[in-house]
Each structure stands twice: as C-alpha cells, then as structure tokens.
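J.: Each residue of the sequence shown is one higher than the one before, counting from 5 in the working numbering. No residue lacks a Cβ here, since even glycine has one placed at the ideal position from N, Cα and C.
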Amino acid sequence: MFRMNLGSEPPSLDPARVNDLTSFTVLQNLMRGLTVIGPDGRAIPAVASRWDRLDGGRRYVFHLRRDALWEDGRPVTAQDFVYAWRRALDPALASEYAYFLFEVQNAKAWYDGKLGDFNAVGVHAPDPYTLDVRLTRAIPFFLDLMASPVALPLREDVVARAPQDFTEAGRFVANGPYRLSRWRHEESLRLTPNPAYYGSHPQVKAVEMAMIADANASVIMYENGELDFIETTTSIPAFDARRLRARPEARTRLLHRLSYVGFNAQAPPFNDPRVRRAFALAIDRSAFPKLLKSGQRPWNGWISPGLPCASPEAGLGYDPAAARRLLAEAGYPDGRGFPRVSLAFQTQYDLLKEGEILQSQWKQTLNVPVALENMEWKAFLTRLRQNPPAMFRLGWFADYLDADSFMGMMTRDSRNNYTGWGSAEYDRLVAKAAITGNLAGRQALYDAAQVILLRQDVVIAPLYASEKLWLVNPRASGVRINALNLIDLERLSLPKPN
Numbered sequence: 005m006f007r008m009n010l011g012s013e014p015p016s017l018d019p020a021r022v023n024d025l026t027s028f029t030v031l032q033n034l035m036r037g038l039t040v041i042g043p044d045g046r047a048i049p050a051v052a053s054r055w056d057r058l059d060g061g062r063r064y065v066f067h068l069r070r071d072a073l074w075e076d077g078r079p080v081t082a083q084d085f086v087y088a089w090r091r092a093l094d095p096a097l098a099s100e101y102a103y104f105l106f107e108v109q110n111a112k113a114w115y116d117g118k119l120g121d122f123n124a125v126g127v128h129a130p131d132p133y134t135l136d137v138r139l140t141r142a143i144p145f146f147l148d149l150m151a152s153p154v155a156l157p158l159r160e161d162v163v164a165r166a167p168q169d170f171t172e173a174g175r176f177v178a179n180g181p182y183r184l185s186r187w188r189h190e191e192s193l194r195l196t197p198n199p200a201y202y203g204s205h206p207q208v209k210a211v212e213m214a215m216i217a218d219a220n221a222s223v224i225m226y227e228n229g230e231l232d233f234i235e236t237t238t239s240i241p242a243f244d245a246r247r248l249r250a251r252p253e254a255r256t257r258l259l260h261r262l263s264y265v266g267f268n269a270q271a272p273p274f275n276d277p278r279v280r281r282a283f284a285l286a287i288d289r290s291a292f293p294k295l296l297k298s299g300q301r302p303w304n305g306w307i308s309p310g311l312p313c314a315s316p317e318a319g320l321g322y323d324p325a326a327a328r329r330l331l332a333e334a335g336y337p338d339g340r341g342f343p344r345v346s347l348a349f350q351t352q353y354d355l356l357k358e359g360e361i362l363q364s365q366w367k368q369t370l371n372v373p374v375a376l377e378n379m380e381w382k383a384f385l386t387r388l389r390q391n392p393p394a395m396f397r398l399g400w401f402a403d404y405l406d407a408d409s410f411m412g413m414m415t416r417d418s419r420n421n422y423t424g425w426g427s428a429e430y431d432r433l434v435a436k437a438a439i440t441g442n443l444a445g446r447q448a449l450y451d452a453a454q455v456i457l458l459r460q461d462v463v464i465a466p467l468y469a470s471e472k473l474w475l476v477n478p479r480a481s482g483v484r485i486n487a488l489n490l491i492d493l494e495r496l497s498l499p500k501p502n
C-alpha cells in the first residue's frame with residue numbers, strides 16, 4: 005500500500021465543482037478526459053485517441069478510444085461528455101470552472117439563459133465514439149482545457165441514481181487508473197487499481213490518502229515509515245524543508261504557482277482603491293524567503309516565472325512612504341480610525357507564519373492592526389464563495405501552461421475571482437491576448453491588463469512564486485509530478501512483500 009497525505013478533506017469530487025488542488029489530486033487519478041496533462045505539462049491523448057483540428061482551430065472532432073471503459077465495464081461515450089458539459093453549464097450548479105467551457109460556441113449564451121435549446125451549443129455526439137466541438141475562437145490552449153475537471157465525462161445514470169452524493173465510495177464510477185474504494189470523511193480515502201482502465205495499471209494494492217492537517221506530524225510519519233510521500237504543499241513545514249532537502253530521495257522544481265493577498269473590493273474599507281494600494285505597497289516580499297526558507301521567490305506580477313509574458317515587476321513594489329501617504333489620503337493618517345480587519349487563510353502552519361509576516365509589516369508601516377483568521381480548507385472555500393473576508397491569502401496553480409491560466413482567472417466570468425471586482429477593459433485585453441499569436445503583441449496586452457489589475461485597481465497583491473520539495477520512499481517508483489503540481493500515480497509501483 006502506498007500512503008500519502010492530502011492535508012485536508014477534499015471539498016468535492018464532483019468534476020463540475022472541483023476548484024482546488026486537494027480535490028484535483030484525487031480526481032486526477034480517478035478520471036480521464038479527452039486529454040490528460042503529461043509529464044511536460046502539455047495535453048496528450050487520453051479518452052480521445054486522436055482529433056482533427058478544423059476551421060483554423062475553431063472546430064475539433066475527437067475520436068474516442070473503443071477500449072475506454074467505466075469501472076463497471078460500460079464504454080465511455082461521446083454522450084457522456086455532452087451530458088457532463090451541459091450539467092457544468094447549468095448556472096444553478098454554480099461551477100467555478102464553467103467559464104472554461106465558454107470557449108464552446110453558444111455555451112456562454114446558454115449559461116446566461118439567453119439560449120433555450122442546448123442543441124445550439126457547439127458540442128455534439130454524432131455517434132458514440134465521435135465528439136464534435138465548435139469554438140467561438142481559435143485558442144492555443146484548448147486541448148489543455150480539455151484535461152481540466154470541468155471537461156471530464158460523467159454518466160447521466162450514475163448522477164441520476166444519487167444526485168447529491170454520487171461522488172461517495174460505492175456510488176462513484178471512475179474511468180481512470182484507480183477507483184474510489186473507501187472515503188472516511190475528515191480521515192482518509194482509499195484508491196484501488198481499476199481493472200477496466202485502458203492504460204497502465206498501477207502495481208500496488210491500494211493508495212491510502214490521509215487528511216492530516218499537521219505538516220509536522222506528516223514529516224515524523226514519513227521518517228517513521230508510516231507515509232511514503234510528503235510534499236511542501238501539504239506535508240512539509242518551512243522549517244523542515246532545508247533539512248529534508250539534503251536527503252537523497254528529495255526532489256525539487258519551480259511550480260507555476262503564485263501566492264497572493266486578495267482584497268474584497270465591494271466592502272469597506274477595501275472598496276477604496278487607495279486603501280488597497282496602500283496595503284500592497286506596504287508588503288516587503290523579500291521577507292518570505294528569508295523567514296520561511298522553503299524556496300519562495302519574491303514576485304509581484306500575475307503571470308508565473310517561466311511562462312511567456314511573465315514580468316516580475318508588473319505589480320507594485322515595496323514603498324512604505326507611498327503606502328502611508330495613500331492611507332492618509334483615504335482618511336486614515338497613521339492608521340487612526342481604521343476599522344478592525346482580518347486576513348483569512350487556510351489552517352496550516354506555514355500560512356500562519358506567512359500571515360504573521362504580513363501582519364507585522366502592515367502594523368509597522370501603516371500602524372494598522374490586522375487580525376489573523378485561519379479556517380479549515382473546506383470552510384475557507386465556502387466563506388470565499390458566500391461572504392469573502394476583507395482580505396484573504398490564496399495560492400493559484402496554473403491549470404495549463406499559458407499566461408491565460410492566471411490572467412483569465414481574474415475576469416468577470418471567472419467564479420474563482422473572489423474579490424467582487426470586474427473590469428470590462430481588463431476582460432477585453434485578456435480575451436484579445438488569448439488569440440494573439442505574436443509574442444510581443446501578447447506581452448503588450450498582458451502588460452496593459454496587469455497595470456489595471458495590480459497598479460490601478462489593485463485588487464490582488466502577488467507575493468511569491470513557489471518551489472516544490474517532495475520526498476518519495478525509495479521503495480516506490482513511478483510517482484510523476486509536473487510543473488502544474490499534478491501528482492499522477494498511474495505508473496506507481498511497489499515491490500511485493502517477501
């Protein structure tokens with residue numbers, strides 16, 4: 005048995021509702037879509053064995069594998085994709101990633117209630133093994149979008165039998181390398197190899213995924229042989245990273261991930277852009293690698309390093325004098341009269357240390373006391389969706405290797421934008437950049453969009469890019485992690501006991 009730590013309870017395994025890394029780590033190994041993200045971070049064939057790219061990239065005809073089966077032996081059909089996409093585009097479902105499917109012709113109109121017939125949406129199944137998709141525009145990352153959870157197939161009969169809990173063990177029907185055998189909520193879940201899977205079959209009895217919030221405990225368990233895999237995202241606290249880095253089985257890589265502070269631009273006092281700008285200017289990013297010492301790279305742009313069009317200086321830098329001046333202009337000289345505010349974040353030791361750094365900087369520069377409010381991950385996401393805090397700390401992993409994965413997240417169509425802010429001009433620039441083939445042209449458009457996002461309206465303040473550290477028990481092989489932080493266990497192998 006291969007044992008790892010998720011760190012927390014997955015909020016959902018419903019493909020249309022998954023919007024966090026914890027849930028996707030599980031779903032990545034249970035399900036396969038038309039494509040899957042490969043080791044290099046690019047889409048490769050999965051349920052679709054091949055496709056025809058037509059009309060200059062505005063139409064794709066996917067040809068499905070005949071040996072792609074659900075775990076109960078039924079074929080995965082094109083209609084399973086049509087049903088899943090129609091369900092995800094139902095506004096009543098409130099899918100955070102529905103906007104990924106807005107690239108499909110008329111999908112946005114259907115979502116907005118302006119279209120009464122789903123047959124007019126550009127996804128059709130002319131036969132069980134052909135999926136015809138028509139797009140509103142040609143975008144270079146469409147095949148990457150098809151690997152995302154919201155684009156995964158679903159069986160209508162499975163959902164109909166248990167609409168509220170079809171994701172539970174015993175009801176969930178997988179089509180990937182593993183099946184969901186057990187889910188003890190808030191404790192652990194167990195994946196076992198799926199014999200109906202068309203691809204490589206994991207050479208393990210099971211994968212046990214624990215939900216241990218304490219990263220310190222995870223390190224101890226790994227060193228005692230009770231866990232086979234630990235990583236900085238869930239299971240390695242910052243102060244242990246330097247020591248563990250020296251172990252022979254340690255591996256590192258820079259992720260396409262940015263940490264940031266978000267502001268609720270709809271509620272006082274952060275409905276005033278001068279206040280948001282003051283708080284952003286008061287952040288000294290150089291403190292994070294010095295104090296956390298676990299691979300942080302200060303970064304104030306909103307496109308991660310290593311992606312085309314990235315710029316480390318796109319946002320506001322550290323300027324205490326300007327921060328104090330702006331806060332005074334907003335009516336709070338030397339912080340006097342500023343209302344009580346808090347910074348909300350997920351319960352995790354490293355995030356608490358990070359919050360304390362920010363808390364100290366805002367107090368020192370602005371003379372504003374900021375409370376720290378930590379919440380269990382599932383509760384934190386619910387709060388962000390329903391009643392966003394004044395300030396919140398989040399991280400964003402790229403869903404695909406393109407600047408649009410970051411820039412598109414802050415558009416008005418994105419339900420992952422929790423700031424309450426939107427800008428028609430920002431949306432226009434991002435939409436135009438997505439279809440601009442010339443790199444210099446894209447750079448200019450994204451630079452202009454980041455001026456609006458990070459300097460003019462200042463609704464988020466990027467903090468740093470992350471380096472990932474992970475350790476795998478030397479007895480295990482086949483654990484693959486790419487730059488998008490997707491953990492693929494399809495080729496996992498453990499030696500049989502003597």
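By Cβ distance, which residues of its chain are closer than 8 angstroms to residue 496, with the 5 residues on each side in sequence left out?
T.: Contacts found: 6, 206, 207, 208, 211, 480, 481, 482 and 483.
J.: Give the single residue among 328, 264 and 302 whose Cα lies nearest to the Cα of residue 285.
T.: With distances taken between Cα atoms, residue 285 lies closest to 328.
J.: Give the secondary structure of residue 270 by DSSP, where H, G and I count as helix, E and B as strand, and everything else as coil.
T.: Coil at residue 270, not helix or strand.
J.: Should the segment 110-120 be regarded as contacting the segment 44-62, the criterion being three or more beta carbon pairs within less than 8 angstroms?
T.: The segment 110-120 vs the segment 44-62: no contact.
J.: Going straight from the alpha carbon of residue 141 to that of residue 425, what length do you get?
T.: The alpha-carbon atoms of residue 141 and residue 425 are separated by roughly 26 angstroms.
J.: Check this for me: beta carbons of residue 457 and residue 414, under 8 angstroms apart or not?
T.: It is a contact, given that the beta carbons lie within the stated cut-off.
J.: Using only alpha-carbon positions, find the residue among 156, 175, 154 and 155 that is nearest to residue 164.
T.: Cα-wise, what sits closest to residue 164 is 175.
J.: What residue ranges within the segment 309-386 form continuous beta strand (DSSP E) runs of no fewer than 3 residues, ordered along the chain?
T.: Runs found: 345-350 and 374-379.
J.: May I ask you to verify whether the segment 307-325 touches the segment 400-408, counting CB pairs closer than 8 angstroms and requiring at least 3?
T.: Contact between the segment 307-325 and the segment 400-408 is present, because at least three Cβ pairs lie under 8 angstroms.
J.: If distances are taken between C-alpha atoms only, which option among 75, 183 and 416 comes closest to residue 493?
T.: Comparing Cα-Cα distances from residue 493 to each of 75, 183 and 416, the minimum goes to 183.
J.: Measure the beta-carbon distance from residue 365 to residue 287 and round it to whole angstroms, keeping in mind my assumption that it falls under 8 angstroms.
T.: Correct: roughly 6 angstroms between the Cβ atoms.
J.: Can at least three beta-carbon pairs, one atom from the segment 27-37 and one from the segment 251-271, be found at a separation below 8 angstroms?
T.: Judged by Cβ distances under 8 angstroms, the segment 27-37 makes no contact with the segment 251-271, as fewer than three pairs qualify.
J.: Going by DSSP in three states, residue 306 sits in which element: helix, strand or coil?
T.: It is coil, neither helix nor strand.
J.: Alpha carbon to alpha carbon, how far is residue 472 from residue 236? Give it in angstroms, no decimals.
T.: Those two C-alpha atoms are separated by around 6 angstroms.
J.: Could you have a look at residue 236 and say whether DSSP puts it in helix, strand or coil?
T.: In this structure, residue 236 counts as coil in the three-state DSSP scheme.
J.: Determine the direct distance from the alpha carbon of residue 316 to that of residue 301, and round the result to whole angstroms.
T.: Going from the Cα of residue 301 to the Cα of residue 316 covers about 10 angstroms.
J.: Taking one C-beta from the segment 183-192 and one from the segment 40-60 each time, how about it: are there three or more such pairs within less than 8 angstroms?
T.: Not touching, per the Cβ criterion.
J.: Taking the beta carbon of residue 373 as the centre, do at least 16 other beta carbons fall within 10 Å, making it buried, or is it exposed?
T.: So residue 373 ends up on the exposed side.
J.: Can you give the beta carbon distance from residue 10 to residue 213, rounded, assuming they're within the 8 angstroms contact cut?
T.: About 5 angstroms; that satisfies the 8 angstroms criterion.
J.: So which of 107, 196, 486 and 52 has the shortest CA-CA distance to residue 438?
T.: The shortest Cα separation from residue 438 among 107, 196, 486 and 52 belongs to 107.
J.: Return the bridge partner residues of residue 395 from the DSSP annotation.
T.: Partner(s): 267 and 347.
J.: In chain order, what residues of the same chain lie with their CB nearer than 7 angstroms to the CB of residue 166, ignoring the 5 residues before and after it?
T.: Around residue 166: 175.
J.: DSSP on residue 9, reduced to helix/strand/coil?
T.: In this structure, residue 9 counts as strand in the three-state DSSP scheme.
J.: What is the DSSP secondary structure of residue 213, counted as helix, strand or coil?
T.: Correct three-state label for residue 213: strand.
J.: Buried or exposed: residue 320, going by 16 or more other Cβ atoms within 10 Å of its Cβ?
T.: So residue 320 counts as buried.
J.: Whose C-alpha, out of 347, 117 and 80, is nearest the C-alpha of residue 200?
T.: For the residues 347, 117 and 80, the minimum Cα distance to residue 200 belongs to 80.
J.: Is the beta carbon of residue 395 sitting closer than 8 angstroms to the one on residue 347?
T.: Yes; because the gap between Cβ atoms is below 8 angstroms, this pair is in contact.
J.: Helix or strand or just coil, what does DSSP make of residue 193?
T.: Strand.
J.: Excluding the 5 residues preceding and the 5 following residue 120 in the sequence, name in chain order all residues of the same chain whose CB lies nearer than 7 angstroms to its CB.
T.: None.
J.: Is there contact between the segment 13-21 and the segment 143-157, where contact requires at least three CB pairs shorter than 8 angstroms?
T.: Segments in contact, yes.
J.: What's the C-alpha gap between residue 461 and residue 477?
T.: When rounded, the distance between both Cα atoms is 47 angstroms.
J.: If I follow the unbroken alpha helix (DSSP H) through residue 27, where does it start and stop?
T.: Element bounds for residue 27: 25-34.
J.: Using CA coordinates, which residue listed in 48, 126, 381 and 359 is at the minimum distance from residue 86?
T.: Closest option to residue 86, Cα to Cα, is 126.
J.: On the DSSP bridge assignment, give the partners of residue 66 in chain order.
T.: In the DSSP output, where bridge partners are listed per residue, residue 66 has 55 and 135.
J.: Three or more C-beta pairs closer than 8 angstroms, one from the segment 329-347 and one from the segment 265-274: is that the case here?
T.: Flag = yes, the segment 329-347 and the segment 265-274 touch.
J.: So, helix, strand or coil for residue 185, using DSSP?
T.: The answer is strand: DSSP assigns residue 185 an E or B state.
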